[in-house]
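266 is the number that our numbering gives to position 241 of the sequence shown; each next residue is one higher, with no gaps. Right, one structure below, let's go through it.
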Amino acid sequence: MAEKIQFTIDFDIDLDQYLENHFPEVVDYHILSKALDARGANRGKKPRYTYHLDTIKEGERFARKNEVFKDLGPLKTKPIIVGAGPGGLFAALRFQDYGVPSIIIERGDRAHRRMIHIAKFWRYGEFDPETNVCYGEGGAGLFSDGKLITRVKSPYVQYVMDRMVDFGAPEEIAYLSNPHLGSNKIRLLINKISDYLTSKGSEIYYNTRVEELIYDHKNGESKVVGVRLQDGREMYSDHVILATGHSAKEVYQHLAKHQVGMAHKDFAVGVRIEHPREVIDQIQYGLYAGREELGAARYRLAWEDPGSKKGTYSFCMCPGGYVLSSGTDREGIVVNGMSNYARNSRWSNAALVVSVNSGKDFSPTEILSGLEFQTNIEKKAFEVSCAKASGKELPFQTLQEFLDHKVTNAPLPKTSTPSGLVRTDLREILPQFISDHLAKALHKFNQQLPGFVSEKALLIAPETRTSAPLTILRNKETLESTTHKGLYPCGEGAGHAGGITSAAVDGIKIVMSILKKEKGFEP
Ligand SMILES: Cc1cc2nc3c(=O)[nH]c(=O)nc-3n(C[C@H](O)[C@H](O)[C@H](O)COP(=O)(O)OP(=O)(O)OC[C@H]3O[C@@H](n4cnc5c(N)ncnc54)[C@H](O)[C@@H]3O)c2cc1C
Numbered sequence: 026m027a028e029k030i031q032f033t034i035d036f037d038i039d040l041d042q043y044l045e046n047h048f049p050e051v052v053d054y055h056i057l058s059k060a061l062d063a064r065g066a067n068r069g070k071k072p073r074y075t076y077h078l079d080t081i082k083e084g085e086r087f088a089r090k091n092e093v094f095k096d097l098g099p100l101k102t103k104p105i106i107v108g109a110g111p112g113g114l115f116a117a118l119r120f121q122d123y124g125v126p127s128i129i130i131e132r133g134d135r136a137h138r139r140m141i142h143i144a145k146f147w148r149y150g151e152f153d154p155e156t157n158v159c160y161g162e163g164g165a166g167l168f169s170d171g172k173l174i175t176r177v178k179s180p181y182v183q184y185v186m187d188r189m190v191d192f193g194a195p196e197e198i199a200y201l202s203n204p205h206l207g208s209n210k211i212r213l214l215i216n217k218i219s220d221y222l223t224s225k226g227s228e229i230y231y232n233t234r235v236e237e238l239i240y241d242h243k244n245g246e247s248k249v250v251g252v253r254l255q256d257g258r259e260m261y262s263d264h265v266i267l268a269t270g271h272s273a274k275e276v277y278q279h280l281a282k283h284q285v286g287m288a289h290k291d292f293a294v295g296v297r298i299e300h301p302r303e304v305i306d307q308i309q310y311g312l313y314a315g316r317e318e319l320g321a322a323r324y325r326l327a328w329e330d331p332g333s334k335k336g337t338y339s340f341c342m343c344p345g346g347y348v349l350s351s352g353t354d355r356e357g358i359v360v361n362g363m364s365n366y367a368r369n370s371r372w373s374n375a376a377l378v379v380s381v382n383s384g385k386d387f388s389p390t391e392i393l394s395g396l397e398f399q400t401n402i403e404k405k406a407f408e409v410s411c412a413k414a415s416g417k418e419l420p421f422q423t424l425q426e427f428l429d430h431k432v433t434n435a436p437l438p439k440t441s442t443p444s445g446l447v448r449t450d451l452r453e454i455l456p457q458f459i460s461d462h463l464a465k466a467l468h469k470f471n472q473q474l475p476g477f478v479s480e481k482a483l484l485i486a487p488e489t490r491t492s493a494p495l496t497i498l499r500n501k502e503t504l505e506s507t508t509h510k511g512l513y514p515c516g517e518g519a520g521h522a523g524g525i526t527s528a529a530v531d532g533i534k535i536v537m538s539i540l541k542k543e544k545g546f547e548p
């Protein structure tokens with residue numbers, strides 16, 4: 026019988042050697058979890074890993090955990106899934122596990138062709154409104170950092186990790202406390218998921234945009250019965266899963282026009298901060314900086330202003346990563362971050378954002394006012410970039426210039442972003458309360474991580490799309506829209522997820538709710 030063991034060892038001790046010395050009876054093991062504790066490393070304390078292992082001895086075997094899915098057969102009408110991001114793709118995958126083919130409609134191109142569109146945008150500013158960093162097969166997840174960590178507690182989290190491993194992700198994602206795939210590995214597995222789906226009878230339409238939902242209003246009840254595409258074609262289904270992500274502004278506008286139930290949501294706006302990686306490694310690891318076994322160092326920072334009660338915090342940290350231009354509007358600039366699996370670039374970046382609250386920072390009466398708040402900042406950033414450069418370059422200030430309220434004529438610094446930089450006063454772009462909170466928080470963060478306020482750090486802006494500014498309301502049990510039957514708002518755009526794993530989990534939850542309703546099926 027497999028036995029579980031747990032221990033903590035110095036980061037530079039070889040795991041196999043340690044087991045050989047301390048658990049000689051163990052002949053094989055699975056890592057259930059592995060977590061790094063580097064606290065105190067900057068004061069000379071050796072970083073340590075805590076392992077939790079499932080082990081077997083001579084003559085024993087691991088029991089294989091193979092989930093068996095009942096073949097439920099097709100539904101009366103194929104479910105339509107709008108959007109091939111993690112939410113949409115994992116919904117289709119889960120349907121397919123139960124022998125239920127579905128239809129995915131995706132406005133952008135296939136994953137392998139997205140890179141060409143995106144490279145043209147980053148290098149030459151040739152923006153494509155249909156295929157970009159957020160739109161296309163794999164959704165915003167495709168060019169993401171591929172951090173799979175989630176705060177969502179659900180049995181489906183393990184399913185998501187296991188399925189990613191089935192399609193080629195490294196097995197470690199199933200056990201690391203901070204699983205990370207990196208953009209390069211995500212790109213390799215997403216098209217395998219889509220190809221598998223079509224090989225099993227699901228249909229996927231790329232380069233096809235849903236222009237509108239089709240509604241039916243009878244006996245005082247409103248229902249969504251299908252979708253109308255950009256070329257006028259119509260497709261009908263009893264179940265429309267709307268997994269269009271938080272950038273699909275036109276979708277929110279359409280839903281608002283048709284009085285689909287939505288509510289404001291707080292979100293956060295700020296900048297990407299980029300340091301040379303060695304600065305962060307030095308701050309976090311001290312003497313141990315540069316040791317390969319530790320990887321690029323991470324940080325997490327948060328501070329609440331005691332006066333305004335507003336939080337400023339780091340988000341989506343990308344050690345050894347890149348800063349990206351990731352907008353979805355021709356006349357708007359948005360920044361984000363990613364890294365590859367190896368996390369080996371010369372820079373480390375993170376979002377530093379300030380909370381933006383409905384009713385306080387934008388009007389609570391107009392349903393789209395949070396969206397407008399974001400869009401105005403993105404537009405200003407684009408105007409500044411056009412006025413001072415070609416429109417593709419990302420507005421930046423060095424951290425020190427920002428704190429000193431200065432814009433110098435110094436030569437442009439080196440950076441990870443392929444789009445280039447344009448020096449500007451970020452206070453021209455960001456609302457004053459955001460700049461003020463950022464400035465105060467930076468001083469606090471420098472107390473938490475001495476050296477964080479570095480001459481070498483850059484602030485690149487604006488980081489506006491941290492989460493959806495709206496929630497599409499849904500019934501807690503059925504996960505259907507509270508106002509429109511047949512409509513299932515899903516994932517990050519619906520305000521019910523924040524990240525790759527939670528969006529995928531949300532897609533699965535919706536499928537399980539539909540299977541319960543249509544087939545009376547409960548596992
Ligand atoms: C650069 C970057 C880095 C990120 N890093 C991380 C990370 O490390 N970890 C993490 O957990 N999350 C990260 N995220 C966020 C993560 O990618 C999203 O949370 C996740 O992809 C949301 O999944 P989703 O399926 O809800 O929506 P999305 O992934 O946004 O997918 C929505 C899809 O719907 C399609 N669509 C939109 N409108 C229409 C329409 N009208 N018709 C047809 N199709 C439509 C879009 O083209 C898109 O493909 C990152 C995001 C970005 C942009």
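Backbone N, C-alpha and C fix where the C-beta goes; we use that ideal spot for every residue, glycine too.
Query, Result
"Three-way DSSP call (helix, strand, coil) for Arg-499 in this model", "strand"
"Beta-ladder partner(s) of Trp-328, from DSSP", "Thr-337"
"Heavy atom of ligand 1 within 6 Å of Lys-172 beta-carbon", "yes"
"Exposure of Lys-417, with buried meaning 16 or more beta-carbon neighbours within 10 Å", "buried"
"Any non-hydrogen atom of ligand 2 closer than 6 Å to Val-125 Cβ", "Annotation note on ligand 2: not contained in the displayed structure, which lists ligand 1 as its ligands."
"Asn-361 Cβ short of 6 Å to ligand 1 heavy atom set", "yes"
"Any 3 or more C-beta pairs closer than 8 Å across the stretch 470-480 and the stretch 298-313", "yes"
"Buried or exposed by the 16-neighbour rule on C-beta atoms within 10 Å, applied to Glu-426", "buried"
"Cβ-heavy atom distance, Gly-166 to ligand 1, below 6 Å", "yes"
"Any non-hydrogen atom of ligand 1 closer than 6 Å to Val-348 Cβ", "no"
"Rounded C-alpha distance that separates Gly-384 from Tyr-338", "21 Å"
"Segments assigned alpha helix (DSSP H), at least 4 residues, entirely inside the stretch 235-315", "274-282 and 302-310"
"Contacts around Cys-159, its chain only, beta-carbon distance under 7 Å, and the 5 residues preceding and following it disregarded", "Ala-165, Gly-270, Ser-272, Ser-351 and Thr-353"
"Environment of Ile-141 [buried if 16+ CB atoms lie within 10 Å]", "exposed"
"Cβ contact (3+ pairs, closer than 8 Å) linking the stretch 399-417 and the stretch 488-495", "yes"
"Cβ separation of Leu-97 and Phe-546, assumed to be a contact under 8 Å, to the nearest whole Å", "6 Å"
"Boundaries (first-last residue) of the alpha helix (DSSP H) holding Phe-546", "Counting along the chain, Phe-546 falls outside any alpha helix (DSSP H), and DSSP gives it neither H nor E."
"According to DSSP, residues forming a beta bridge with Met-363", "Tyr-347"
"Three-state class that DSSP yields for Ser-82 in the structure shown", "Looking at the sequence shown, residue 82 is not Ser but Lys. Note: Lys-82 maps to strand in three-state DSSP."
"Cβ-heavy atom distance, Tyr-160 to ligand 1, below 6 Å", "yes"
"Any non-hydrogen atom of ligand 1 within 6 Å of Glu-131 CB", "yes"
"Unbroken alpha helix (DSSP H) run spanning Glu-397, endpoints", "394-413"
"Alpha-carbon spacing of Ser-208 relative to Glu-246, whole angstroms", "44 Å"
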